[in-house]
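Just below is one structure, and these are the notes that go with it.
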Amino acid sequence: MERVALLRSLSCSSTAARRLLLRCPKAKSRLFSSNPYRCRPHELRTCSVALRSWPLVPTPPLRFKRGFSLSPRAVSTSPSPVSRENADGGHDFAEKLGFEKISEQTIDECKSTAILYKHKKTGAEVMSVSNDDDNKVFGIVFRTPPKNSTGIPHILEHSVLCGSRKYPLKEPFVELLKGSLNTFLNAFTYPDRTCYPVASTNTKDFYNLVDVYLDAVLFPRCVEDFQTFQQEGWHYELDNPAEDISYKGVVFNEMKGVYSQPDNILGRVTQQALYPENTYGVDSGGDPKEIPKLTFEEFQEFHRKYYHPSNARIWFYGDDDPKERLRILNEYLDQFEASPSRNESKVQPQKLFKEPVRIVEKYPADEGGDLKKKHMVCLNWLLSEEPLDIETELTLGFLDHLLLGTPASPLRRILLESRLGDAIVGGGVDDELLQPQFSIGLKGVSEDDIHKVEQLVIETMKNLAEEGFTSEAVEASMNTIEFSLRENNTGSFPRGLSLMLRSIGKWIYDMDPFEPLRYEKPLQNLKMRIAEEGSKAVFSPLIYKFILNNPHLVTVEMQPDPEKASRDEAAEKEILDKVKASMTQEDLAELARATQELRLKQETPDPPEALRSVPSLSLQDIPKKPVHVPTEVVEINGVKCLQHDLFTNDVVYSEVVFDMSFLKKELLQLVPLFCQSLLEMGTKDMDFVQLNQLIGRKTGGISVYPFTSSVRGKVDPCTHIIVRGKAMAARAEDLFNLITCILQDVQFTEQQRFRQFVSQSKARMESRLRGSGHGIAAARMDAKLNMAGWISEQIGGFSYLEFLQELEKKIDQDWDRISCSLEEIRKSVLAKEGCLINVTTDEKNLSKTNKLIANFVDSLPSTTSRESDSWPSKLSPVNEAIVIPTQVNYIGKAANVYETGYQLNGSAYVISKYISNTWLWDRVRVSGGAYGGFCDFDTHSGVFSYLSYRDPNLLKTLDIYDGTANFLRELELDDDSLTKAIIGTIGDVDGYQLPDAKGYSSLLRHLLGVTDEEREIRREEILSTSLKDFKEFSDAVDSIRTKGIVVAVASPEDVAAANEERPGFFEVKKAP
């Protein structure tokens, strides 16, 4: 589920596997993407230099680059090419519907036929991509360049999905979330465009989604409904004339959260300084100080001007009928005449500076710690005034990977080894806007070392330009990139959407939309150039041209300011006090009335006839059986092996699982650093750079991480270390040999590298505390309720951050003990006893890997004297508030419903999803103004939790949580609404997975004892869910009201106010 994916990282959460009866999230892997610093376009970015887009609802982290991305997200691994029958027969049909064929091309890289059409009447452009991929994708994209930072494109992105001409209800988007089989459903705003994509494997469902989205963007009710503008954008709120006025609005509070995070502030400042003269010089997401300046009239005009077919690029992809695509489009497009919006929306390029610029900005910081060592500095270059040719783009992408793509990459390595800072900021090459940029820097920098960082970046780039890269580094990058392109592992993200985002990166600027889809020819040309001229001749000129001799350099220095958050709050209060002072008593009474009127509208359900207008499937459209993953359990030399015979395009995917339950308690918190050390320290024969390059040259990547979960019906948790790797079948032997090398030969002797790991981990956790406070709260609540939660929180939550703070101080005097502890973890965990191996590939390759696995198993050490250590089971069950400098809060409440006697039934999946998409969505997000509000039921542990995200409230949100049981008891649910809820849940159960994810899901189900028989029972229970189940579940939920534990990550002011209103409610913890 989308919200569940937000909650926790698979590698450190006891609840990561909670949806295993449904589907399993894809584990994060350090080397499975080209650049570990890069987030994805609609991620709420905390690790890169610019927040590029704003999603309608929070989503799992994903990122795509336009042009020749080095990520594996641009090709299909379909075993056979698409049939051209429908495409060839549809041209006359297209003409009759008013579409002119501009170009038709066969894209061998993705086994597709792509046709670019132009709608003659309006000029709308349509890319119709046909192939045999059943995960169909539609997207409509408008160029939406803002002129100020009031957030108008972002607010409009939210608002158009709040009812339309054909679907006159409050939020058709939410109805689709409730009752669709979609594999993707969201919208996001870039600095210069707004995208509305959907995807589904069910054709009927897919066309339903397309119709709702087309009607929403072209005929939205929001342009006539001032209250939608208030709800999604901003409004004054006043419950009582005697109280203070406040600002409310979903986007307003979302952006307050963004502007509380130092990395995001750095990104905003950087973008605006790099592009001061064009649309990128303002914030399309909206500056909270500017959002209240936006008027409804400006909002209406922006839609009229830019949301027009003449300004649209429309994308279809998949195995559906190309004729039907055009027929659906024509029904909408034919209602419009041509408009000048396409010319009016053009983005003008930023002219290059003649000399560098320096910017100094402050960010809100905690009062504790040494503020002099919390500075950030980032160097940013705008690379070109004109669009780059495809060869240069590709070569820049390779250069970017060579510089920053792996822990062994020289620019990354040298910066971190300098000890001038804790972690990298800046994402290297970023080419998703009209003009590419390059950014690199450090955070956690001492005030005295700012200029040293700048000098080190320049000196390193000079040295690399003069000396070039080693042949091993070039070979490793080439193999990594080629593997990624050919494997095309997009995880749960639809392949067609990744193609769309690549294509739109050119298309939106009136360039060739086909070009980004083709990588083979320019890739071969680049390889030929490197072979003939040498890598130095290829890459050094780019370093000189785009970096060393480029005057368009913006250096951004971020200074910590412990008073900034309180100053910003005081400034906002002063504005609101002046607003109130300017009002008469009649004005205040009217504002209070309008506040109540808006809230009443928000909390009043849509009438049944409006709800029925949204198209939906019937239960007859739903498969009765769960998705089956072929699994054969064999034993190889005394170790159990799970084998999954699936088509993988000749890639072998493997996981090696080790039992962590024998680990001593005092070693537990070192496990994440132990995992990183295995991959990023050297052996007796190779330093870590050589080892890293060898992995890049021979495999598609290797990762190591802990996995912990409760097991239903058992007290003891499931705790493991998982080694995950992949390679082409011809190099499977190299894969297992390298895993053996990593596990047995890596030496824990590099003190300075370990110090880097600690600093990096601490910086990541600090960013997570600010940007994903709901995840910190969720982990903390789990730690108070079960042993698996306690373990996960110790190695990935607030306790882990506290541990890292202390460990950093001990490395110098305690290194020998730390090194010995890492070795002890290896001896305790990485043994043959308790080992399990999982392999996913086709039958032919499975047979070939058996001998390799046998050799690998024989190389594992045997440990005969292991004894389980006793670990504490829970943290103290008190309500906690972790205070940070923020303008919004993250609020959780949870309890174990199994302790009330509740017995798991599949209906619980339907009910928890329904609570999220109705009660919590309406009260926490729509009425309360939070960016997100949702619940989650960990069926393995029994923990049912509520969470809010970027929430302006605190106690009010807890009151909403406590009202859930009454909501269920008073619920009236007609057959249509119940059917939608069931279908939407099945959509989560049957979430689209690529072969490696299917094999991995099967592995986790095996570890947690979830059988196929149980999955069938739960599915039957889901399909037979009734209103009675909702009523009965209310008693279990009510236990959270009376016995639940509360954890909030919140501002000091809001926590103090809560403790004043409810004395002693929170035990306050300050972020270290």
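Numbering (the numbering used here), first residue to last: 1172 to 2243.
Yeah, the Cβ is synthetic: ideal placement off N, Cα and C, and Gly gets one too.
>> Spatial neighbours of residue 1446 within its chain, please: C-beta separation below 6 angstroms, excluding the five flanking residues on both sides.
In response: Within the sequence shown, numbered from 1, the residue matching residue 1446 stands at position 275. Answer for residue 1446: 1452, 1521, listed in chain order.
> With which residues is residue 1535 paired in a DSSP beta bridge?
Replying inline: Stepping through the sequence shown from its first residue, residue 1535 is reached at position 364. DSSP output for residue 1535 lists 1732 as bridge partner(s).
>> Measuring only the C-alpha atoms, how far is residue 1684 from residue 1449?
In response: Numbered from its first residue, the sequence shown carries residue 1684 at position 513. Numbered from its first residue, the sequence shown carries residue 1449 at position 278. Approximately 23 angstroms between the Cα atoms of the pair.
> If you count every other CB in all the chains shown that lies within 10 Å of the CB of residue 2146, and 16 or more means buried, which is it?
Replying inline: Start at 1 with the first residue of the sequence shown, and residue 2146 comes out as number 975. It counts as exposed.
> Would DSSP call residue 1467 helix, strand or coil?
Replying inline: Within the sequence shown, residue 1467 is the residue found at index 296, counting from 1. Residue 1467: helix per DSSP, three-state reduction.
>> For residue 2071, tell me which candidate among 2140, 1430, 2206 has the shortest Cα-Cα distance.
In response: The residue given as residue 2071 occupies position 900 in the sequence shown. Closest in C-alpha terms to residue 2071, from the list 2140, 1430, 2206, comes 2206.
> For residue 2002, which three-state DSSP category applies?
Replying inline: Taking the first residue of the sequence shown as 1, we reach residue 2002 at position 831. DSSP places residue 2002 in coil when its eight states are reduced to three.
> Alpha carbon to alpha carbon, what distance is there between residue 1287 and residue 1311?
Replying inline: Along the sequence shown, read from residue 1 onward, the residue named residue 1311 stands at position 140. Along the sequence shown, read from residue 1 onward, the residue named residue 1287 stands at position 116. Going from the Cα of residue 1311 to the Cα of residue 1287 covers about 14 angstroms.
>> Helix, strand or coil, according to DSSP, for residue 1877 in the structure here?
In response: As a position in the sequence shown, residue 1877 is number 706, starting the count at 1. Residue 1877: strand per DSSP, three-state reduction.
> Span of the beta strand (DSSP E) holding residue 2240?
Replying inline: Taking the first residue of the sequence shown as 1, we reach residue 2240 at position 1069. Unbroken beta strand (DSSP E) run through residue 2240: 2238 to 2241.
> When DSSP labels each residue in this structure, what does residue 1917 get in the three-state scheme?
Replying inline: For the purposes of this step, residue 1917 is taken as residue 746 along the sequence shown, with counting starting at 1. Reduced to three states, the DSSP call for residue 1917 is coil.
> Under the rule that 16 or more other beta-carbon atoms within 10 Å means buried, what is residue 1922, buried or exposed?
Replying inline: On the sequence shown, residue 1922 is found 751 positions in, with the first residue counted as 1. Label assigned to residue 1922: exposed.
>> Is the beta carbon of residue 1840 closer than 8 angstroms to that of residue 1925?
In response: Against the sequence shown, residue 1925 aligns to sequence position 754. Against the sequence shown, residue 1840 aligns to sequence position 669. Result no, Cβ atoms of residue 1925 and residue 1840 do not sit closer than 8 angstroms.
> Does DSSP put residue 2055 in a helix, in a strand, or in coil?
Replying inline: Position 884 of the sequence shown holds residue 2055. Residue state, collapsed to three classes: coil.
>> Using a Cβ-Cβ distance cut-off of 8 angstroms, determine whether residue 1498 contacts chain B.
In response: Structure shown: chain B not included; a single protein chain is present.
> Buried or exposed: where does residue 1502 fall if 16 or more other Cβ atoms within 10 Å of its Cβ makes it buried?
Replying inline: Position 331 of the sequence shown, counting from 1, holds the residue named residue 1502. Exposed, by the Cβ-count rule.
>> By alpha-carbon positions, which one of 1400, 2223, 2050 ends up nearest to residue 2060?
In response: Here residue 2060 refers to the residue found at position 889 of the sequence shown. Ranking 1400, 2223, 2050 by Cα distance to residue 2060 puts 2223 first.
> What does a CB cutoff of less than 7 angstroms around residue 2088 pick up in its chain, not counting 5 residues either side in sequence?
Replying inline: Counted from its first residue, the sequence shown places residue 2088 at position 917. So the qualifying residues of the chain are 1345, 1348, 1349.
> Quick one: is residue 1213 buried, meaning 16 or more other Cβ sit within 10 Å of its Cβ, or exposed?
Replying inline: Along the sequence shown, read from residue 1 onward, the residue named residue 1213 stands at position 42. With a pLDDT of only 27 at residue 1213, under the threshold of 50, the placement of this residue in the model should not be trusted; the figure read from the coordinates follows. Flag for residue 1213 reads buried.
> Could you give the distance in angstroms between the alpha-carbon of residue 1935 and the alpha-carbon of residue 2217?
Replying inline: On the sequence shown, residue 1935 is found 764 positions in, with the first residue counted as 1. On the sequence shown, residue 2217 is found 1046 positions in, with the first residue counted as 1. Using only the alpha carbons, I get a separation of about 24 angstroms.
> Can the beta-carbon of residue 1727 be found closer than 8 angstroms to that of residue 1964?
Replying inline: Translated into the one-based positions of the sequence shown, residue 1727 becomes position 556. Translated into the one-based positions of the sequence shown, residue 1964 becomes position 793. No, these two residues do not count as a Cβ contact at 8 angstroms.
> alpha helix (DSSP H) containing residue 1884: first to last residue?
Replying inline: To locate residue 1884, count along the sequence shown from 1; it is residue 713. Premise fails: residue 1884 is in no alpha helix (DSSP H) and is neither H nor E.
> For the 8 angstroms Cβ check, are there 3 or more pairs between the region 1795 to 1813 and the region 1984 to 1991?
Replying inline: Flag = no, the region 1795 to 1813 and the region 1984 to 1991 do not touch.
> What are the start and end residues of the beta strand (DSSP E) that includes residue 2064?
Replying inline: In the sequence shown, the residue the question calls residue 2064 occupies position 893. Start and end: 2061 to 2067.
>> Suppose you measure from the CA of residue 1892 to the CA of residue 1913; what does that come to, to the nearest Å?
In response: In the sequence shown, residue 1892 corresponds to position 721, counting from 1. In the sequence shown, residue 1913 corresponds to position 742, counting from 1. Approximately 13 angstroms, taken between the alpha carbons.
> Can you tell me whether DSSP reads residue 1407 as helix, strand or coil?
Replying inline: For the purposes of this step, residue 1407 is taken as the residue at position 236 of the sequence shown. Here residue 1407 sits in strand by DSSP.
>> Assuming residue 2009 and residue 1825 are in contact, meaning their beta carbons sit under 8 angstroms apart, how far apart are those beta carbons, in whole angstroms?
In response: In the sequence shown, residue 2009 corresponds to position 838, counting from 1. In the sequence shown, residue 1825 corresponds to position 654, counting from 1. Indeed they touch by this definition, with Cβ atoms about 7 angstroms apart.
> What's the gap between the Cα of residue 1802 and the Cα of residue 2196?
Replying inline: Here residue 1802 refers to the residue found at position 631 of the sequence shown. Here residue 2196 refers to the residue found at position 1025 of the sequence shown. Answer to the nearest angstrom: the Cα atoms are 30 angstroms apart.
> Between residue 1124 and the rest of its own chain, which residues show a CB-CB distance below 6 angstroms, the 5 nearest in sequence each way excluded?
Replying inline: Only positions 1172 to 2243 of the chain appear in the structure, and residue 1124 is not among them; the question remains open.
> Applying the criterion that 16 or more other CB atoms from any shown protein chain within 10 Å of the CB defines a buried residue, is residue 1699 buried or exposed?
Replying inline: Position 528 of the sequence shown, counted from the first residue, corresponds to residue 1699. Residue 1699 should be labelled exposed.
>> To the nearest angstrom, how far is the alpha carbon of residue 2123 from that of residue 1366?
In response: Residue mapping note: residue 2123 aligns to position 952 of the sequence shown, counting from 1. Residue mapping note: residue 1366 aligns to position 195 of the sequence shown, counting from 1. Those two C-alpha atoms are separated by around 27 angstroms.
> By DSSP, does residue 1799 sit in helix, in strand, or in coil?
Replying inline: Numbered from 1 along the sequence shown, position 628 holds the residue referred to as residue 1799. Correct three-state label for residue 1799: coil.
>> Rounded to whole angstroms, what is the Cα-Cα separation between residue 1411 and residue 1471?
In response: As a first step, residue 1411 must be located in the sequence shown, where it is residue number 240. As a first step, residue 1471 must be located in the sequence shown, where it is residue number 300. Straight-line Cα distance between these residues: approximately 30 angstroms.
> Do residue 1404 and residue 1428 have their C-beta atoms within less than 8 angstroms of each other?
Replying inline: Translated into positions along the sequence shown, residue 1404 becomes position 233. Translated into positions along the sequence shown, residue 1428 becomes position 257. No.
>> I need the straight-line Cα distance from residue 1767 to residue 1775, nearest angstrom please.
In response: Here residue 1767 is taken as the residue at index 596 of the sequence shown, counted from 1. Here residue 1775 is taken as the residue at index 604 of the sequence shown, counted from 1. Looking at the two C-alpha atoms, the distance is approximately 12 angstroms.
> Can you check whether the CB of residue 2000 is closer than 8 angstroms to the CB of residue 1829?
Replying inline: For this step, residue 1829 is matched to residue 658 along the sequence shown. For this step, residue 2000 is matched to residue 829 along the sequence shown. Contact: yes.
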